[in-house]
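Participant: Let me give you the structure first, and then I'll get to my questions.
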Amino acid sequence: MSMNNAPNVFLDPNANRFQVNIINEDHDNNETTQEDEGSDPPHYEETSFTDETHNRLRISYRPGKRELYDNFRQNGEKTEASLHPYDTHSKMYYLQTFGHNTMDPVPKIDYYRNTGSVSGNKINRPSLLEIHEQLAKNIAVSTGSVERVANGESTAGDETAVSKEEENKTGFVKFGWVKGVLVRCMLNIWGVMLFIRLSWIVGQAGIGLGVIIILLATMVTSITGLSTSAIATNGFVRGGGAYYLISRSLGPEFGGSIGLIFAFANAVAVAMYVVGFAETVVELLKESDTLMVDESNDIRIIGTITVVCLLGISVAGMEWEAKAQVILLIVLLIAIANFFIGTVIPTNTEKKARGFFNYQASIFAENFGPDFRSGEGFFSVFAIFFPAATGILAGANISGDLKDPQTAIPQGTMLAIVITTIAYIAVAICAASCVVRDATGNVNDTIVPGMSCNGSSACGLGYDFSRCASQPCDYGLMNNFQVMSMVSGFGPLITAGIFSATLSSALASLVSAPKVFQALCKDNVYKGLEFFAKGYGKNNEPIRGYVLTFVIAMAFILIAELNTIAPIISNFFLASYALINFSCFHASYAKSPGWRPAFRYYNMWVSLFGALLCCGVMFVINWWAALITYAIELFLYIYVTYKKPEVNWGSSTQALYFVNALDSALALTTVEEHVKNFRPQCLALTGAPMVRPALLDITHAFTKNNGLCICCEVYTGPRKLCVKEMNSGMEKKQAWLTKNKRKAFYAAVAADSFRDGVKSLLQASGLGRMKPNTLVVGFKKDWRSAPATQVENYVGIIHDAFDFELGVIIIRISQGFDISQVLQVQEELEKLEQERLALEATIKENDFEEGKRGICGFFKKASILNISKHETKKESSINTIQSMHVGEFNQRLLEASTQFKKKQGKGTIDIWWLFDDGGLTILIPYILTIRKKWKNCKLRIFTGGKVNRIEEEKLVMASLLSKFRIKFADINIICDINIKPNKESWKFFEEMIEPFRLHESCKDMTTAEKLKRETPWKITDAELDACKEKSYRQVRLNELLQEHSRAANLIVLSLPVARKGAVSDYLYMAWLEILSKNLPPVLMVRGNHKNVLTFYS
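Numbered by the numbering used here, the letters in the sequence shown go through residues 145 to 1241 in order.
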């Protein structure tokens, strides 16, 4: 790939396929640049994309440009060695990419950004249409436009550049992985537990089980850390921490539910840590006898002052908060080092009496095994220790304030877990190797020669603490929580370490809660919380969130009942860990191509194990708190699912839906079809679904939860316009179906003719076994006035459906299905209403400004307001008259379009099952009767028979229906179907077909032949004579339908079949017209003559 930026350079004919150059038209220099000057030019044609193998990936650099290229390759950002060089002094350019004049741009990161990206501006590459369509002429572009063509930028590029410069001047405060993640995680993990509980834990569990407890807790956090790292490196991470990671992986339902309780848990954790700090201060005050009021109120006073100070640091900005965290970490590290130093400083008599003897092998051996007391056990001790291992998300929670979250979160989090785990294990082993479990604290409890002892390690070291077995003692690992202070070289430093641990954890939680909550509110998952989404200052600080967190923390500090709430908070954190692990597993299991984490050291099954482990630990810590956590999370999950926030984050849940659907569709292909499993799978020619809602409603009535329904639209006309219109409307029309709770798919095709489009749909629609088996189409009411080609296409699609062995259902209602005109009028009225409201708002705003100018302004305002009100009334009255007129004009059409949405009252569905088509004619109405809207309708069966066999025919039909287990109200045998219709009916039929008759018998042979050639679609006399009996039957059937089924809610009728080549299109349309005229809604049904019913089990 040539990266040559020299201006005035011709395209080298010998250059390989990756060369990019700009040619200047007014260039007069013949200088050329060759990649390999000594190599022979390849003997290929001009458009060859090949080259010598050894040259294909060779990259040449200008002097000093190697570092720029390396930087470009690593960061994916534009450097000075741009891929689109140009000369700013030239006037005319041609862009050449890979040796061709083209608009095709080279790959660039800005094409892949989201709109509103913080890290850079999104630019749009040329569309496929722009590249694919033929250009009218070759045009030379100006200097400014070359850069836009090459880089995909618009005229807004200059503005965005200015905004970027401004942004850089006032720049965001961003942290690296050490300051942003490592420091925070270490401070949050190292809590009060390290200084005042770890010695008790190792005393109870012993060194062996104590280390196992630490490692077990670390295993939970390490697995969660690996999962967090994988998710955080699978794309750009914004602010929101655990909420962002979970919501973008599992979707808003899981993310929204866990985000709220995670933010609340962090807010309450502020109170817990502050109370821990306040209790330590109160203990010091009590020792010096300087309490202000009493213990409880002193805790509240000190806690309140502390929270206010921490709030001030947080509101001052992330930079100040980060500096405070660093100072606290230094204090904490000094305190820990102070403990280790103290273990090697020779002990004194007082410390020996309290159980500290420096490192002793006998103490190590004695303390290695467990000695659980006071009803404690392994899991209860583990439950007490585990909160000390949490805090691994402290860095991830401020992901929006990190320079490079994808690198910082994995590095900082995993290193913090390693360092803190080593520190916990080291402190536990050192403490248990130096201090005995029980000590009296009495310096006189030494062993006198000849005195018997209990054989403990203390006996071997000259002290007798045997009375601790019968009475409580105050010292030793099991009894003294201040072991670290006693062992340390300088006790007050341990107190400073406790202060540092509590304040740092409180500060981290005080920052985390608002950040997570702000991200949750920005996503608008909970509609009422948008108020807290607003940020302030250069770092977009969530000041409102800080205040809310402060209020929550203050409330719990004043309540001071944290022992009850603490287990629930721990479980809230664990629930977050469980979902992070499950997110990693789920994303891996879904096998989405978009799951490509840069962090490779994870395993989907390990993540699943981590999720289950977190759930188990929740119950180990506190079973009732675990149940409360699950109940709250389930409630929030159901709430978010019900509200369905309008977000699309490409979650793994969506990916798994696809995988499951694909697997099910493939599995379905191996299932052989059986008549018992037949269900109507309909291809409904609705056009746009909202244009023919009644056709969709009746189709949906017998396919909902039962079969496939595809709403189809055929675009005809110029291909380019059709495809553009079709593509732009696909999502909108599918969304309309979803919004209106129609379980149907939308499909569209662009074709040269309506019939060709339907042919494509009939053959290609569906997937595997989920293919349409029935064509549903509305009756063409305007067939008499429509062009002959439209009628030919309409009848042609019925023939095509039969050719492809599909059943056909033609539906007719009195007012027709198309309500496009009504929709158009409504759309225009809505636009007028919006314009009116906008005008009113503008007038009111102007009036308000006028009103500010004093009394004159007030009177002027009043007069204008009067006029505007009068005008508004006048305009609204005109609109009302218009809408009333339109409403009256289209009232019947609107009512007809919603008739199948309403619940049908008591009545009948009349089934005229005249011909056996496999049972579809009887199955469709049966399915309707099991729907709520049609369940009050009874089935009445009408069929043909002989006069002398009426009762026998009834019994035969009743027996057949009973075997099919289809309930019916009545059976009617019609014996006079084949008699001639009355004269009025036949006259009406003849008048209807008169304009479409050829009347060739009245003309000479030549004229008749000429007319046949000119109008082949007309009905010939010969055809009419041949089909006279069938025509009589259709007319007669309408008379019988008028007689028997005029009051039915719905008529289902066997559709007559026109034999191809024997029955013309207009004659067939006349049959359908006369058959269904002046009747309630009619379904003319014809199956594909394959069984869809069976009486076998």
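Backbone N, C-alpha and C fix where the C-beta goes; we use that ideal spot for every residue, glycine too. None of these values were measured; they are calculated from a predicted model.
One question on the structure: do K1040 and A891 come within less than 8 Å of each other, judged by their Cβ atoms?
Facilitator: The sequence shown places Ala at residue 1040, rather than the Lys named in the question. It is not a contact, given that the beta carbons lie outside the stated cut-off.
Participant: Label T814 either buried or exposed according to how many other C-beta atoms from any shown protein chain fall within 10 Å of its C-beta, with 16 as the threshold for buried.
Facilitator: exposed
Participant: Straight-line CA distance for V761 to N792?
Facilitator: 33 Å
Participant: Which residues mark the beginning and the end of the beta strand (DSSP E) in which T639 is found?
Facilitator: First-last for T639: G635 to K666, but that is the alpha helix (DSSP H), not the beta strand (DSSP E).
Participant: Does the pairing of the segment 334-346 with the segment 629-646 give three or more beta-carbon distances under 8 Å?
Facilitator: yes
Participant: Can you look up I1195 in the DSSP assignment and give me helix, strand or coil?
Facilitator: I1195 sits in a strand when the DSSP states are folded into three classes.
Participant: Which value, in whole angstroms, describes the spacing of the CA atoms of A809 and G912?
Facilitator: 7 Å
Participant: Alpha carbon to alpha carbon, what distance is there between L370 and F753?
Facilitator: Roughly 12 Å separates the two Cα atoms.
Participant: Specify, as a first and last residue, the run of the alpha helix (DSSP H) that V579 falls within.
Facilitator: Where V579 is concerned, there is no enclosing alpha helix (DSSP H), given that its DSSP letter is neither H nor E.
Participant: Note down, in chain order, each residue of its chain lying with its Cβ closer than 7 Å to the Cβ of V669, except the 5 sequence neighbours on either side.
Facilitator: Excluding sequence positions up to five before and after V669, its CB lies within less than 7 Å of the CB of P396, G400, V784 and P789, all in the same chain and listed in chain order.
Participant: So if DSSP puts F406 in a beta bridge, which residue, or which two residues, is it bridged to?
Facilitator: In the DSSP output, where bridge partners are listed per residue, F406 has none listed.
Participant: Within a Cβ cutoff of 6 Å, which residues of the same chain sit near D442, ignoring the five residues on either side of it in sequence?
Facilitator: V426, L435 and M436
Participant: Mark M874 as exposed unless 16 or more other C-beta atoms lie within 10 angstroms of its C-beta, in which case mark it buried.
Facilitator: exposed
Participant: Is there contact here, the segment 536-550 with the segment 605-622, by at least three beta-carbon pairs under 8 Å?
Facilitator: no
Participant: Would you list, in sequence order, the uninterrupted alpha helix (DSSP H) runs of no fewer than 4 residues that lie entirely inside the segment 870-917?
Facilitator: If one requires a minimum length of 4 residues, the alpha helix (DSSP H) runs lying completely within the segment 870-917 are 898-908, in chain order.
Participant: Have a look at N715 and A769 and give me their C-alpha separation to the nearest angstrom.
Facilitator: 7 Å
Participant: Tell me, to the nearest whole angstrom, how far the beta carbon of S1236 is from that of V1196; I am working on the premise that it is less than 8 Å.
Facilitator: The amino acid at residue 1236 is misidentified as Ser; the sequence shows Val. At roughly 14 Å, the Cβ-Cβ gap does not stay under 8 Å, so V1236 and V1196 are not in contact.
Participant: Among all the DSSP beta bridges, which residues are the ones paired with G951?
Facilitator: T918.
Participant: Looking at the secondary structure, which residues open and close the beta strand (DSSP E) in which C329 lies?
Facilitator: Looking at the DSSP string, C329 is not in any beta strand (DSSP E); the run it does join, the alpha helix (DSSP H), is V327 to I333.
Participant: Terminal residues of the continuous beta strand (DSSP E) containing N1116?
Facilitator: Where N1116 is concerned, the enclosing beta strand (DSSP E) stretches over D1114 to I1118.
Participant: Given a threshold of 16 other Cβ atoms within 10 Å of its Cβ, counted over all protein chains shown, does M845 qualify as buried or as exposed?
Facilitator: According to the sequence as given, residue 845 is Ala; it is not Met. By the 10 Å Cβ count, A845 comes out buried.
Participant: Rounded to whole angstroms, what's the CA-CA distance from K988 to Q978? Just pull it up for me.
Facilitator: 15 Å
Participant: Within 10 angstroms of its Cβ, does Q907 collect 16 or more other Cβ (buried), or is it exposed?
Facilitator: exposed
Participant: For the beta strand (DSSP E) containing Y859, list its first residue and its last residue.
Facilitator: Annotation for Y859: the continuous beta strand (DSSP E) segment containing it runs C853 to T860.
Participant: When the Cα of Y1210 is compared with those of R1141, I528, V459 and T564, which residue comes out closest?
Facilitator: R1141
Participant: Whose C-beta lies closer than 7 Å to the C-beta of R581 among residues of the same chain, with five residues either side of it excluded?
Facilitator: G347, N511, D515, G620, L621 and M622
Participant: So, with DSSP's three-state summary, where would you put M1228?
Facilitator: strand
Participant: Under 8 Å, do L331 and L455 count as touching if we go by C-beta distance?
Facilitator: no
Participant: What's the C-alpha gap between W749 and T372?
Facilitator: W749 and T372: Cα-Cα distance of roughly 15 Å.
Participant: How long is the line joining the alpha carbons of V592 and D608, rounded to whole angstroms?
Facilitator: 9 Å
Participant: Could you tell me which whole alpha helix (DSSP H) segments of length 4 or greater appear in the segment 364-436?
Facilitator: With a minimum length of 4 residues, the continuous alpha helix (DSSP H) runs that stay inside the segment 364-436 are 385-394 and 396-431.
Participant: Note the first and the last residue of the continuous beta strand (DSSP E) segment covering W1056.
Facilitator: First-last of the beta strand (DSSP E) with W1056: G1051 to W1056.
Participant: Would you check if the distance between the CB atom of F923 and the CB atom of S1220 is smaller than 8 Å?
Facilitator: yes
Participant: Which ranges would you report for the beta strand (DSSP E) in the segment 744-828 if only whole runs of at least 3 residues count?
Facilitator: 826-828
Participant: Nearest to K1204 by CA position, among L981, V969 and D947, is which residue?
Facilitator: D947
Participant: At the level of alpha carbons, what is the spacing between N624 and W344?
Facilitator: Going from the Cα of N624 to the Cα of W344 covers about 8 Å.
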